[in-house]
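The following block contains the structure:
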């Protein structure tokens, strides 16, 4: 393939990564923004989403599309419920102390990972996508006969990948509207601004925190369900989304949702493009160093206005 | 007031007990103890920064592996003998700590944790990127024949035990001494209230930097010692897990105590050792222990001991 | 010259996001004097001492200590020149013992000489009458004792200039008497700058008074002069 089509393909793959990453990272960002908790187990919630999707779609042995649709609802709800339990049993008892919650969520990470290994096993397992047509993409070129339309071999994308991107955009817009307009969104923002004041106004802080933690975990699980037909479910798959979400949340400005989404698109695209043309390892080194330097020299993030 | 005699007798007792254990316990436990002593040096380095200075790093695997690869690469690729190679390990960890400390200490709290985590991750990936020399996750073996110091074969279990003991004893005595100096006391003051420490005329930025350097070099010495005594260096030792382990050991044993890191390392080692006899899911035990300790024993084993029985514990 | 200034501020201004906290403050403090800095709430007293000890960077102007320009100097280096500062809001190391709290300041000067440090710490604690509490955790002390410990932490550093921000706040009658006694015993050796609301303490201990109002110096003089000053009465004393 020529450079042009190759580049476009890398961009499309990058957009796919960005879409799933945006969902996962927004989950982490909401939790940090409102609860000031750095959830190290966030990647495990992602992994659980993928694993539950596998269980649901395998157990419901009708049509892949029905099983998948069921998983799309069941996995985020189940993971969110688990997160609410974790919040109640662990985080609340630590009084959301920033450092102790980090250590505790590290412990949760190991527990979830090991329990998954014991039940789900060490193998990577695929989930059948609900639909998966291949669309060949055209490319335009100036040849001897002027502008030409050509169809480079291997140049295409599947309908499922396009649907994931579209679905993620819909969810994110919906979430944004929900946080901006709904009563719960208002309550969340009030809690974020001033915890004591919100409490004084009768907002049940404990319940809000539990729901926020559940929402964050549910978003990660949703991202995982979407990606699992493309990349298989595996008990160690949580590491990379955790790291990438961290990177995105920090570059986007801790706790800022629009910043997080912009950063997810930026990181997803550049990760896709750098990985295709250079080594994926180098891409990750650059991204992690970028995060470190952003935190050192611009702690409010590249796009954030609030200080962290 | 703290009577120095009690401190000194505690330190002497710990070291004497470790010497005695060699003659009392089986070869299997001797092997374990050698490993524990080397890793306890890592935990002590971590504790110096976390327990005494109050800085929680999530990137100490990088300092450990800098020492490990500093020695390993010097021996395998530059054909150095043990002593200069160990020096290279120390130097490598000093350089890495120096550079990262300069940047990371501009931040504090959660930002410091994430910055150190990110630098360590970049370091881990760099080790993978240069797989030609580091052999990546697979790692490389340091030949048995080369692991001799002053004609002593360090692969022999007895010699290995005493080499590990020597490394441990030097580090332990250094820490025991350092925390009693005015420098060490100032670190505690920084942990408790940095702004107030500055108002007492201490250059807290310089103190924190020096504490990080000492912490990084001890971690590097442990990494170099581990590669030397157990003959292996691999990228796993640079992964996030090895940044979290010293934190776990210190939390288990008791942050801000001199014997805490040793107690915690030994406890965690045997926790894994014993639980892996019953179950392959030892990580579950580790994870549950972390959650349990953060919830109910935030001060660790020695910390509880100090709180309940012996407030003088250094 | 009879009195060389130990501390001078020249045209010091401080602006907090559009709000003028200090406007062209010229302030001279001769060595050996006990000076009180008074003024209504929000007059800029704490801001002024904040710029002197380095907690607050002035927007413009300069500060000289012992003839040396210290405007840009880092906080800890100013303290090393011999400035001690006690916090308005009690700020002791609550998990350390009272002894250790004072020892931290003493050790910066005398290093690891254990007997010397011990002697100086106990002396400082005795001067504020809390030597018997040396082994207690600072956080377990009563509020008044924590205030006294704060003063002992300053004394332990044998300062050239001792700045105290509302030291008698929260002290009992008896403790205030002891405090006045302490200031009298220090006067002559140590230069003292006292921010104080208790007029009784000010009149009995300070040799000279500076009145700050709305971020600038309203008047300066002895206690009697201030008592008679119409402007001061209007701005401050009249309200008492």
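Residue numbers (our numbering), protein chains in the order written: chain G, 1 to 308; chain C, 1001 to 1314; chain A, 2001 to 2240. Glycine included, C-beta positions come from ideal geometry on N, C-alpha and C. Being a predicted model, the structure only gives us computed values, none of them experimental.
Check your understanding: Can a CB atom of chain G be found closer than 8 Å to the CB of residue 1187 (chain C)?
Key -> no
Practice item. Mind listing the chain C neighbours of residue 243 (chain G)? Cutoff is C-beta to C-beta under 8 Å, in chain order. Key: 1121
Point to revise | Exposure of residue 2174 (chain A), with buried meaning 16 or more beta-carbon neighbours within 10 Å | key: exposed
Review point. Roughly how many whole angstroms lie between the Cα atoms of residue 293 (chain G) and residue 22 (chain G)?
Key: 21 Å
Check your understanding: According to DSSP, is residue 1037 (chain C) helix, strand or coil?
Key -> helix
Review point. Residue 1202 (chain C) by DSSP, collapsed to three states: which one?
Key: coil
**Study point:** Nonlocal neighbours in the same chain, by C-beta distance under 8 Å from residue 2150 (chain A), ignoring five residues either side
**Key:** The residues are 2086, 2087, 2090, 2091, 2092 and 2167.
Check your understanding: Measuring CA to CA, which of G:163, G:237 and G:189 is closest to residue 133 (chain G)?
Key -> Residue G:163 is the option with its Cα nearest to residue 133 (chain G).
Practice item. Would you identify the three-state DSSP class for residue 2100 (chain A), choosing helix, strand or coil? Key: helix
Review point. With distances taken from CA atoms, which of C:1009, C:1064 and C:1057 is nearest residue 1222 (chain C)?
Key: C:1064
Check your understanding: If you pair each beta-carbon of the segment 2194–2209 of chain A with each one of the segment 2037–2046 of chain A, do three or more pairs fall below 8 Å?
Key -> yes
Review point. Exposed or buried, residue 1121 (chain C), counting other C-beta atoms within 10 Å across all chains shown (16 or more means buried)?
Key: buried
**Study point:** Enclosing alpha helix (DSSP H) for residue 2143 (chain A) [first to last residue]
**Key:** 2143–2156
**Study point:** Beta-carbon spacing of residue 84 (chain G), residue 214 (chain G) below 8 Å
**Key:** Yes; because the gap between Cβ atoms is below 8 Å, this pair is in contact.
**Study point:** Backbone secondary structure at residue 97 (chain G) - three-state DSSP
**Key:** coil
Point to revise | Limits of the beta strand (DSSP E) - the one that residue 61 (chain G) falls within | key: Looking at the DSSP string, residue 61 (chain G) is not in any beta strand (DSSP E), and its letter there is neither H nor E.
Review point. In whole angstroms, what separates the C-alpha of residue 220 (chain G) from that of residue 243 (chain G)?
Key: 13 Å
Point to revise | Proximal residues, the segment 1182–1212 of chain C versus chain A, C-beta separation under 8 Å | key: 1182, 1185, 1186, 1188, 1189, 1192, 1193, 1195, 1196, 1197, 1198, 1199, 1200, 1201, 1202, 1203 and 1204
Exercise for review: Could you pull the start and end residues of the beta strand (DSSP E) that residue 147 (chain G) belongs to?
Suggested key: Residues 146–150.
Check your understanding: DSSP three-state call for residue 122 (chain G): helix, strand or coil?
Key -> coil
Point to revise | Neighbour flag for residue 1055 (chain C) against chain G, beta carbons, 8 Å | key: No, because no Cβ of chain G sits closer than 8 Å to the Cβ of residue 1055 (chain C).
Review point. Should residue 1147 (chain C) go down as buried or exposed, given a rule of 16 or more other Cβ atoms within 10 Å for buried?
Key: buried
Review point. Whose CA, out of G:291, G:8 and G:19, lies closest to the CA of residue 268 (chain G)?
Key: G:19
**Study point:** Endpoints, beta strand (DSSP E) assigned at residue 2008 (chain A)
**Key:** If you look at residue 2008 (chain A), you'll find it in the beta strand (DSSP E) that goes 2005–2016.
Check your understanding: Taking C-alpha atoms, which residue in G:111, G:27, G:104 and G:248 lies nearest to residue 295 (chain G)?
Key -> G:248
Point to revise | Boundaries (first-last residue) of the beta strand (DSSP E) holding residue 2218 (chain A) | key: Note, residue 2218 (chain A): beta strand (DSSP E), 2216–2221.
**Study point:** Reduced DSSP secondary structure (H/G/I, E/B, other) of residue 273 (chain G)
**Key:** helix
Review point. Which of the three DSSP states, helix, strand or coil, is assigned to residue 1299 (chain C)?
Key: coil
Practice item. Could you list which residues in chain G have their beta carbon closer than 7 Å to that of residue 1115 (chain C), in chain order? Key: 292, 295 and 296
Review point. Would a C-beta distance cut-off of 8 Å place residue 273 (chain G) and residue 10 (chain G) closer than the cut-off?
Key: yes
**Study point:** In DSSP terms, what residue 2195 (chain A) is bridged to
**Key:** A:2037 and A:2165
**Study point:** Cross-chain neighbours of residue 285 (chain G) in chain C, by beta carbon under 8 Å
**Key:** 1122, 1125, 1126 and 1129
Check your understanding: Bridge partners of residue 1086 (chain C), per DSSP?
Key -> DSSP lists no partner for residue 1086 (chain C).
Review point. At a cut-off of 7 Å, is residue 221 (chain G) close to the ligand FMN when judged by its beta-carbon and the heavy atoms of the ligand?
Key: As far as ligands go, the structure on display features none, and thus does not contain the ligand FMN.
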